[in-house]
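Student: Residue numbers (our numbering): 21 to 469.
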Amino acid sequence: MSRCLVLGASGCVGSRLVPVLAEAGHDVRALVRTTGSAARVPRLADIRFGDVTEACRVRAALDGIDVVYHLVHSLGRPDFAQVDREAARVVAAEAERAGVRQIVYLGGPRPDAELSEHLASRAEVGDVLATARTPALLLEASMILGRGSASFELLRQFAHASPVLPRPAWMSRTSRPVGIDDVLHHLSIAAALPDPVSGRFALSGPEQLSYFDLVQRCARVAGLPVRIPVPVPLWSHRLAARAAALTTTVPAEAAAQLFGSLDHDLVDTAPDRLPAPPGGPTSVDNALRAAMAPAASASAAEPYLDERVCATRAGTAQLWRTITSVGGSRGWFTIPFLWEARGLLDHLAGGAGLYRGRQAELACGDVVDFWTVEHRDDARRRLVLRADMKMPGSTLLEMSAETAGSYRQRISFVPRGPAGHAYWRLQKPAHDLVFGLMARNLVHAAERG
């Protein structure tokens, strides 16, 4: 049996891969950035904390590891290509240093066309990993049909949104979507290969479908009537992504990159195709049916995410001091009357309200106005707050001072039932205004010292 490290273990694929590897008898370790991410990793893994761009953290996590799975993707942030490139360089170098037997990477297809920024980044990461002396098995998949996959969530929620289906030109493009169970099968057997393997392999489903046909198939499997196509001569991926962020769980930045990739036929040109799983590949209908099955519990609801990264001239120490000063008399670096109005409404609804003050020095469990400190990590300069407001769901606000001279702000909202989904969509315009200003003003405050 192998000792495996899963990078990206809190994601759609990684969180499913951990139990598959553990049940096969492998020792599994996971490297995650935050406590929020750790909560999405099955407890079958030995969880370590660190960023994949931090060589020292990756080096420690790789100690004694045979097989490393690189499933990291920073698509939701504007500088994702740079971050993913640096992460790949760190993993390639540290895997070689640690004597890892096999790297396994799950990337995207490389169509015979000029690549979108998203696909170009996926290809670049694979190329960087392939330069390591450690053998790298590069698996290339287009759309993965599984709950929580950003591309699948766009497809599913697009199919459910309306009986009318906008049909821009890219809807005629084709791909070979693959079921999540087939992806997990091929990833897991890589841990048991008798000899290391290098090279690119296509990980494709059994059918080649246009996106228009795929949406119609998704609607049919869900028991919905045929979607009525409406031509859309003018289409903007950016505007469509903003609309998607209001109506789906996929952030606008990620949606824009995914829409851009749909301008290509995503039929892989990898030289080798993997053998089908035992019993044959999962059909598109069965993969859709499994992915759209009701979640086992309300806690399995996919969170809505909003992440912002702002470059700053402030030093990391000064930025961290500013982050840990939020709330109380210092305020929240955003529009005061809107913040106060939200607190008043919460008070009238029987919630915590706005002004509960704060301790001079924050620690876990402390109250900060209508938030509670969930986690504070001074070494990694990360503060996580949990909202105490009355709302149909749960909210975490994470603020961190990055070593590369940037401030990261991440909000995750896990909806509770239909009311939770409606709440997120209705408040999203005000949310973007308030938290967008908060990120910019906090950075400016740190720069002023």
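C-beta atoms are modelled at their ideal positions from N, C-alpha and C, and glycine is treated no differently.
Along the beta strand (DSSP E) that carries SER420, what are the first and last residues, could you check?
Tutor: For the purposes of this step, residue 420 is taken as the residue at position 400 of the sequence shown. From DSSP, the beta strand (DSSP E) with SER420 extends over 413–422.
Student: Output yes or no for whether 8 Å exceeds the beta carbon distance between LEU51 and ALA81.
Tutor: Mapped onto the sequence shown, residue 51 falls at position 31. Mapped onto the sequence shown, residue 81 falls at position 61. Their beta carbons are under 8 Å apart, which means LEU51 touches ALA81 by this criterion.
Student: So within the segment 28–106, which uninterrupted alpha helix (DSSP H) runs reach at least 4 residues, ignoring any that extend past its ends?
Tutor: DSSP runs (the alpha helix (DSSP H)) wholly in the segment 28–106: 34–43, 55–58 and 75–81.
Student: At which residue ranges does the segment 178–243 contain complete alpha helix (DSSP H) runs of 4 or more residues, listed in the order of the chain?
Tutor: Correct list: 200–209 and 231–241.
Student: Please list, in chain order, all residues of the same chain as SER35 whose beta carbon is under 7 Å from its beta carbon, the five residues on each side excluded.
Tutor: In the sequence shown, the residue the question calls residue 35 occupies position 15. If we look at SER35 and ignore the five residues flanking it on each side, its Cβ neighbours are ALA29, ARG60, VAL61 and PRO62.
Student: On the criterion of 16 or more Cβ atoms from any shown chain inside 10 Å, does ASP398 qualify as buried, or is it exposed?
Tutor: In the sequence shown, counting from the first residue as 1, residue 398 sits at position 378. ASP398 comes out exposed.
Student: Only counting the same chain, and skipping five residues up and downstream in sequence, which positions put a Cβ closer than 7 Å to that of SER319?
Tutor: Taking the sequence shown and counting its residues from 1, one reaches residue 319 at position 299. Any reading at SER319 must be qualified, since the residue scores a pLDDT of 43, below 50, and its modelled position is unreliable; the value itself is stated next. Cβ neighbours of SER319 beyond the five flanking positions: none.
Student: Label GLN379 either buried or exposed according to how many other C-beta atoms from any shown protein chain fall within 10 Å of its C-beta, with 16 as the threshold for buried.
Tutor: Numbered from its first residue, the sequence shown carries residue 379 at position 359. Flag for GLN379 reads exposed.
Student: Cα separation between ARG79 and GLY373?
Tutor: One-based indexing of the sequence shown puts residue 79 at position 59. One-based indexing of the sequence shown puts residue 373 at position 353. Those two C-alpha atoms are separated by around 45 Å.
Student: Can at least three beta-carbon pairs, one atom from the segment 134–153 and one from the segment 281–288, be found at a separation below 8 Å?
Tutor: With a cut-off of 8 Å, the segment 281–288 and the segment 134–153 count as touching, because enough Cβ pairs lie within range.
Student: Just the Cα atoms here: how many angstroms apart are SER182 and LEU446?
Tutor: On the sequence shown, residue 182 is found 162 positions in, with the first residue counted as 1. On the sequence shown, residue 446 is found 426 positions in, with the first residue counted as 1. C-alpha separation (whole angstroms): 18 Å.
Student: I'd like to confirm the pairing. Which residues does DSSP put opposite VAL120 in its beta bridges?
Tutor: Taking the first residue of the sequence shown as position 1, residue 120 is located at position 100. According to DSSP, which records beta bridges pairwise, VAL120 is partnered with nothing at all.
Student: At 4 residues or longer, and completely inside the segment 336–362: list those alpha helix (DSSP H) runs for me, N to C.
Tutor: Complete alpha helix (DSSP H) runs here, min 4: 336–343.
Student: In three-state terms, what does DSSP make of PRO438?
Tutor: Here the question's residue 438 lines up with position 418 in the sequence shown. If DSSP states are grouped into helix, strand and coil, PRO438 belongs with the helices.
Student: I want to see whether chain C comes within less than 8 Å of ALA113, judged by CB atoms only; does it?
Tutor: No chain C appears in this structure, which consists of one protein chain only.
Student: Judging by CA-CA distance, which residue of ASP83, SER162, TYR89 and TYR324 is the nearest neighbour of THR269?
Tutor: Taking the sequence shown and counting its residues from 1, the one referred to as residue 269 is at position 249. Comparing Cα-Cα distances from THR269 to each of ASP83, SER162, TYR89 and TYR324, the minimum goes to TYR324.
Student: Less than 6 Å between C-beta atoms, sequence neighbours within five positions excluded: which residues of the same chain meet that for ASP305?
Tutor: On the sequence shown, residue 305 is found 285 positions in, with the first residue counted as 1. Only VAL241 meet the Cβ criterion.
Student: Return the bridge partner residues of PRO331 from the DSSP annotation.
Tutor: Position 311 of the sequence shown, counting from 1, holds the residue named residue 331. According to the sequence displayed, residue 331 carries Ala and not Pro. ALA331 pairs with SER426.
Student: Cutting at 6 Å between CB atoms, please list the residues of its own chain near MET409, excluding the five before and the five after it.
Tutor: Within the sequence shown, residue 409 is the residue found at index 389, counting from 1. If we look at MET409 and ignore the five residues flanking it on each side, its Cβ neighbours are ASP366, GLY371 and PHE390.
Student: Whether or not the segment 112–126 and the segment 247–260 are in contact is what I'm after, with contact meaning three or more pairs of Cβ atoms, one per stretch, closer than 8 Å; do they touch?
Tutor: Judged by Cβ distances under 8 Å, the segment 247–260 makes no contact with the segment 112–126, as fewer than three pairs qualify.
Student: Any idea what DSSP makes of TRP255, helix, strand or coil?
Tutor: Walking along the sequence shown from the start, residue 255 turns up at place 235. Correct three-state label for TRP255: coil.
Student: Would you tell me roughly how many angstroms separate the C-alpha atoms of HIS205 and PRO297, rounded to the nearest one?
Tutor: Position 185 of the sequence shown, counted from the start, is the residue given in the question as residue 205. Position 277 of the sequence shown, counted from the start, is the residue given in the question as residue 297. Approximately 7 Å between the Cα atoms of the pair.
Student: Keeping to the same chain, check which residues put their C-beta closer than 8 Å to that of GLN102; ignore five residues upstream and five downstream.
Tutor: The count along the sequence shown starts at 1 and reaches residue 102 at position 82. So the list is empty, once near-sequence residues are dropped.
Student: Helix, strand or coil for PHE433? Go by DSSP, reduced to three states.
Tutor: Here residue 433 refers to the residue found at position 413 of the sequence shown. Residue state, collapsed to three classes: strand.
Student: Can you tell which of ARG117, ALA161 and VAL454 has the C-alpha that lies nearest to the C-alpha of LEU286?
Tutor: Along the sequence shown, read from residue 1 onward, the residue named residue 286 stands at position 266. If we check each option's Cα against that of LEU286, ALA161 comes out closest.
Student: Using the C-alpha atoms, what's the distance from THR151 back to LEU37?
Tutor: The residue given as residue 37 occupies position 17 in the sequence shown. The residue given as residue 151 occupies position 131 in the sequence shown. For LEU37 and THR151, the distance between alpha carbons rounds to 25 Å.
Student: Beta strand (DSSP E) containing LEU157: first to last residue?
Tutor: To locate residue 157, count along the sequence shown from 1; it is residue 137. Residues 156–160.
Student: Measure the alpha-carbon distance for ASP452 versus VAL26 and round it to whole angstroms.
Tutor: For the purposes of this step, residue 452 is taken as the residue at position 432 of the sequence shown. For the purposes of this step, residue 26 is taken as the residue at position 6 of the sequence shown. Cα-Cα distance, rounded: 33 Å.
Student: Could you check which residue in ARG309, TRP190 and MET312 has the C-alpha nearest to that of VAL485?
Tutor: The requested residue 485 is not part of the displayed model; the chain covers only 21 to 469.
Student: From ARG193, ARG77, ILE355 and ALA424, pick the residue whose C-alpha is nearest to that of ASN461; which is it?
Tutor: Against the sequence shown, residue 461 aligns to sequence position 441. Among ARG193, ARG77, ILE355 and ALA424, the Cα nearest to that of ASN461 belongs to ILE355.
Student: Quick check on ALA399: does DSSP put it in helix, strand or coil?
Tutor: Taking the first residue of the sequence shown as position 1, residue 399 is located at position 379. It is coil, neither helix nor strand.
Student: Output the distance between the C-alpha atoms of VAL393 and GLU106, rounded to the nearest integer angstrom.
Tutor: In the sequence shown, counting from the first residue as 1, residue 393 sits at position 373. In the sequence shown, counting from the first residue as 1, residue 106 sits at position 86. The alpha-carbon atoms of VAL393 and GLU106 are separated by roughly 31 Å.
Student: What is the residue span of the alpha helix (DSSP H) that ASP147 lies within?
Tutor: Here residue 147 is taken as the residue at index 127 of the sequence shown, counted from 1. 137–150 is the extent of the alpha helix (DSSP H) around ASP147.
Student: Could you spell out where the alpha helix (DSSP H) holding VAL287 opens and where it closes?
Tutor: The count along the sequence shown starts at 1 and reaches residue 287 at position 267. Segment: none, VAL287 is in no alpha helix (DSSP H) and carries neither H nor E.
Student: Could you check if ALA439 is buried or exposed, using at least 16 other CB atoms within 10 Å of its CB as the buried criterion?
Tutor: Translated into positions along the sequence shown, residue 439 becomes position 419. By the 10 Å Cβ count, ALA439 comes out exposed.
Student: Excluding the 5 residues flanking ARG109 on each side, which residues of the same chain have their C-beta closer than 7 Å to its C-beta?
Tutor: For the purposes of this step, residue 109 is taken as residue 89 along the sequence shown, with counting starting at 1. So the list reads VAL148, once near-sequence residues are dropped.
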